């Protein structure tokens, strides 16, 4: 992987980024990596939709249709 060095960042900016990283539960480096991925359009985690995945894996073209039997109540009326 490539490395990037950014110089002359104001102390207040670095501190604000550090706080945001801590609030996200990430190190500053991991947080900035995540932000850069999002800004570059390469962050695919935001584009994942679980319903689309379920439809793709278990949708009508991958299943079978079962005939459901008629239901009868098993309760007894008193």
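In this note's numbering, the protein residues as written are 71 to 148. For glycine and all other residues, C-beta sits at the position ideal for the given N, C-alpha and C. For clarity, every value in this text was computed on a predicted model and none was experimentally measured.
If you draw a straight line from the alpha carbon of residue i to that of residue j, how long is it in whole angstroms?
i	j	result
residue 80	residue 100	20 Å
residue 110	residue 104	10 Å
residue 91	residue 142	58 Å
residue 119	residue 130	18 Å
residue 77	residue 121	43 Å
residue 95	residue 128	35 Å
residue 124	residue 136	19 Å
residue 75	residue 126	42 Å
residue 71	residue 89	26 Å
Of the choices the options, whose alpha-carbon is the least far from that of residue i?
i	options	result
residue 83	72, 73, 94 and 98	98
Does the beta-carbon distance from residue i to residue j come in below 8 Å?
i	j	result
residue 106	residue 87	no
Please report the residue range of the alpha helix (DSSP H) in which residue i lies.
i	result
residue 104	98-110
residue 123	120-128
residue 84	81-93
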